[in-house]
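Engineer: Numbering (our numbering), first residue to last: 1052 to 1347. Where is the CB? At the ideal position from N, CA and C, for every residue including glycine. Remember, predicted model here, so these are calculated numbers, not experimental data. Attaching a single structure in structure tokens format; questions to follow.
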């Protein structure tokens, strides 16, 4: 059924690094919901595969010594959605990955696979960018961490260096990004289930103690460019601003200064620009309301 040259099963992170160094052209496979489909389509025919699915140390959600939220790269979407720490600190990520595919895909698909696949339409991508996630990579030279915005190099390509034997081991959300922060994700597709996003938008806010001002706002998109991207012009308008309808409108319109969607069979560039404005408006309003704010 699958045209593969060989399958190697890693028993630990160090074993996976060894296999990656020995077989630098091999494809890492976790849940397989992307790789196996691509293989059946002939895109990865004849490839060697290194399975890391059996490394249980890469599963689960925890708080690390720096109080960052640590999500193991093999943590499934369904686990993320149900996890108490996710629900307490960054529930919007659970809501976002709960829109991936079907229940079967969410049970097998992993956060690491979703990011390492490198596609801008990944449902986790815009929320991880909006929360300034850090990607942890482990290889022969030890652990390397980089901001997720630097992890995505170009469409479909991420920074995992085969010559160093690296594999992604975790996604980290810094305390400064999740503390007292509330977010909302909106996915637009041609249908409500089993659909790849035509556009995704994730917003989060932290309000002042009196709930009258936005102390911190982040907004990020998927499918608004070749890689997931923030909209800094909109963030600059919201940061430090009072909760007014005028601010919300200006915030939403300003995203057009930053995004650069393309024409495709799913949606035209003009349509993506149109809905990007409305999604920004709705996601900001929902985030403010979740944070306990009221727009005047």
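1. Just curious, the beta strand (DSSP E) that residue 1055 is in, first and last residue?
2. Mind checking which residues open and close the alpha helix (DSSP H) that includes residue 1299?
3. List in chain order: all unbroken alpha helix (DSSP H) runs of 4+ residues lying wholly within the stretch 1192 to 1271.
4. What residue ranges within the stretch 1135 to 1176 form continuous alpha helix (DSSP H) runs of no fewer than 4 residues, ordered along the chain?
5. Can you find at least 3 beta carbon pairs, one from the stretch 1216 to 1231 and one from the stretch 1182 to 1198, that sit closer than 8 Å?
6. Rounding to the nearest angstrom, what Cα-Cα distance links residue 1314 and residue 1147 in this structure?
7. What residues in its chain sit with their C-beta under 6 Å from that of residue 1257, if we drop five residues either side in the sequence?
8. Are residue 1277 and residue 1200 closer than 9 Å when you measure CB to CB?
9. Excluding the 5 residues preceding and the 5 following residue 1286 in the sequence, name in chain order all residues of the same chain whose CB lies nearer than 8 Å to its CB.
10. Would you check if there are 3 or more beta carbon pairs closer than 8 Å linking the stretch 1095 to 1110 to the stretch 1071 to 1087?
11. Can you name the residues that DSSP bridges to residue 1112?
12. Assuming residue 1309 and residue 1248 make a contact with CB atoms under 8 Å, what is their CB distance in whole Å?
13. Given a threshold of 16 other Cβ atoms within 10 Å of its Cβ, counted over all protein chains shown, does residue 1306 qualify as buried or as exposed?
Structural biologist: Reading it off the structure:
1. Against the chain shown, residue 1055 aligns to sequence position 4. Residue 1055 -> beta strand (DSSP E) spans 1055 to 1060.
2. If you number the chain shown from 1, residue 1299 lands on position 248. 1296 to 1305 is the span of the alpha helix (DSSP H), which, as asked, contains residue 1299.
3. 1199 to 1202, 1226 to 1229
4. 1135 to 1140, 1142 to 1148, 1154 to 1159, 1162 to 1167
5. yes
6. Numbered from 1 along the chain shown, position 263 holds the residue referred to as residue 1314. Numbered from 1 along the chain shown, position 96 holds the residue referred to as residue 1147. Answer to the nearest angstrom: the Cα atoms are 24 Å apart.
7. As a working mapping, residue 1257 is identified with position 206 in the chain shown. The answer, listed in chain order, is 1231, 1232, 1266, 1267.
8. Position 226 of the chain shown holds residue 1277. Position 149 of the chain shown holds residue 1200. Going by C-beta atoms, residue 1277 is not nearer than 9 Å to residue 1200.
9. Counted from its first residue, the chain shown places residue 1286 at position 235. Once the five neighbours on either side are set aside, the close Cβ partners of residue 1286 are 1268, 1269, 1270.
10. yes
11. Your numbering for residue 1112 matches position 61 in the chain shown. Looking at the DSSP assignment, residue 1112 forms a beta bridge with 1122.
12. Working through the chain shown from its first residue, we reach residue 1309 at position 258. Working through the chain shown from its first residue, we reach residue 1248 at position 197. The pair is not a contact, with the Cβ atoms about 18 Å apart (cut-off 8 Å).
13. Within the chain shown, numbered from 1, the residue matching residue 1306 stands at position 255. The residue is buried, with at least 16 neighbouring Cβ atoms inside 10 Å.
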